[in-house]
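Reminder that position 183 of the sequence shown reads as 183 in the UniProt record's numbering, one-by-one numbering, no gaps.
Here a beta-carbon is modelled for each residue, glycine too, at the ideal position from N, C-alpha and C.
Note that the structure is predicted; figures quoted are calculated from it, not measured.
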Amino acid sequence: MSDVRALLKAKRQEARIIHPYATYNPSGQLKCSVCGSIVKHASAWEGHLGSKVHRTNIAHLREQEENRQEISDNLGKRKADGDQTVAQIEKRRRVDISSQEPESFPQNFFSDPSHAPVILSQDSDAEDDDIREPQKGLSLTTKSDIDVEYERFQRELLNKADADPSEAYDRATVAAEPVFASPETSGFPAVSVEEASQEPAQLTDVEARSKREQEERELIMDRLLAEERAQEDADMRVQLLKTKLVSFRSKREAAKAKRPNHTR
């Protein structure tokens with residue numbers, strides 16, 4: 001019996017599923033990371049991938065990823081527009097400053113110096129600079145707020161992406177109404193007429209015998225696995241019954257000890 005169990009254990013280790021959604025818990029059980037459900041046998045993995053629950057969870061996961069990508073794109077576009085607006089304001093300000101060249105008249109241009117216009121001093125230019133400085137500070141403050149909001153959004157998005165989706169799916173409840181099966185095969189690979197009309201290749205006697213022996217061995221292994229699981233379940237039930245019996249006896253002995261002794 002120990003040899004059979006060792007053989008079964010070796011077979012379980014060899015039949016490990018390699019798939020993006022396939023994971024194994026510390027006890028070696030196959031688990032779907034999207035659905036959060038345990039798949040009892042490796043041979044049932046393909047059936048789980050084709051199940052309606054798994055396909056529904058995959059669709060929800062892709063929809064969430066598309067929404068996150070759309071939000072990230074919109075926020076990136078908004079940040080680019082804000083940067084472009086700030087750059088345009090700075091460029092316009094530089095052009096305005098460069099266009100303000102000092103205007104003056106040549107000496108002895110006016111016969112009467114009292115009629116000459118008053119030339120603004122550099123103090124007035126300083127006042128204009130003081131007026132423009134708050135606008136520049138306001139634009140920089142707006143840009144800083146946008147950057148802070150964008151960084152905070154990125155951190156929240158990364159934290160949500162790193163979270164294990166199986167925790168949400170474990171608590172999820174899927175409700176669906178029965179529908180008729182559709183004859184359409186959308187989502188499955190198309191089968192051409194030539195492939196459908198091709199007959200399977202004939203096996204030789206040696207190949208047929210080898211295939212039959214392989215199927216018989218697999219059938220025997222499946223039966224042994226089923227018997228082993230049934231034996232484990234029976235042992236567990238027996239152990240549980242023994243535990244209950246011991247607990248019942250101890251309670252009964254304790255009840256007898258508490259009763260007063262009546263003497264006739």
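- prompt: Would you call R259 buried or exposed, if buried means 16 or more other Cβ atoms sit within 10 Å of its Cβ?
  reply: exposed
message: If you reduce the DSSP assignment to three classes, tell me which class K31 lands in.
response: strand
- prompt: With 16 as the cutoff for other CB atoms within 10 Å, does H48 come out buried or exposed?
  reply: Within a 10 Å sphere around the beta-carbon of H48 sit 16 or more other beta-carbons, which makes this residue buried.
message: Measuring only the C-alpha atoms, how far is D222 from H41?
response: 11 Å
task: Just tell me which of N25, S43, E46, A44 has its CA closest to the CA of I36.
output: For the record, residue 36 in the displayed sequence is Gly; it is not Ile. G36 has its Cα closest to that of N25, out of N25, S43, E46, A44.
task: Go through its chain and collect everything with a Cβ distance to D147's Cβ below 8 Å, but skip five positions before and after it.
output: Within its own chain, the residues whose Cβ lies closer than 8 Å to the Cβ of D147, once the five positions on either side in sequence are excluded, are K79, listed in chain order.
task: Count the other C-beta atoms from every protein chain shown that fall within 10 angstroms of the C-beta of L30, then say buried if there are 16 or more, exposed otherwise.
output: Buried, by the Cβ-count rule.
task: Provide the residue span of the alpha helix (DSSP H) that contains T243, from first to last.
output: 205-258
query: Where do the N-terminal and C-terminal ends of the alpha helix (DSSP H) with E46 fall, by residue?
result: 45-49
field: Whole-angstrom distance between N67 and L140, CA atom to CA atom
entry: Residue placement at L140 is poorly supported in this model, since its pLDDT is 47, which falls under 50; the coordinates are not used for a value here.
task: Could you check how far apart the C-beta atoms of I58 and V34 are, in whole angstroms? I think they sit under 8 Å.
output: 6 Å
- prompt: So, using beta-carbon positions, are W45 and V53 closer together than 7 Å?
  reply: no
message: Quick test of your reading: S72 and L157, contact by CB under 8 Å. State the CB separation rounded to the nearest angstrom.
response: 6 Å
DSSP three-state assignment for Y150, whether helix, strand or coil: Three-state DSSP puts Y150 in a helix.
- request: Could you please give me the residues that DSSP links to Y21 through a beta bridge?
  value: Beta-bridge pairing links Y21 to no other residue.
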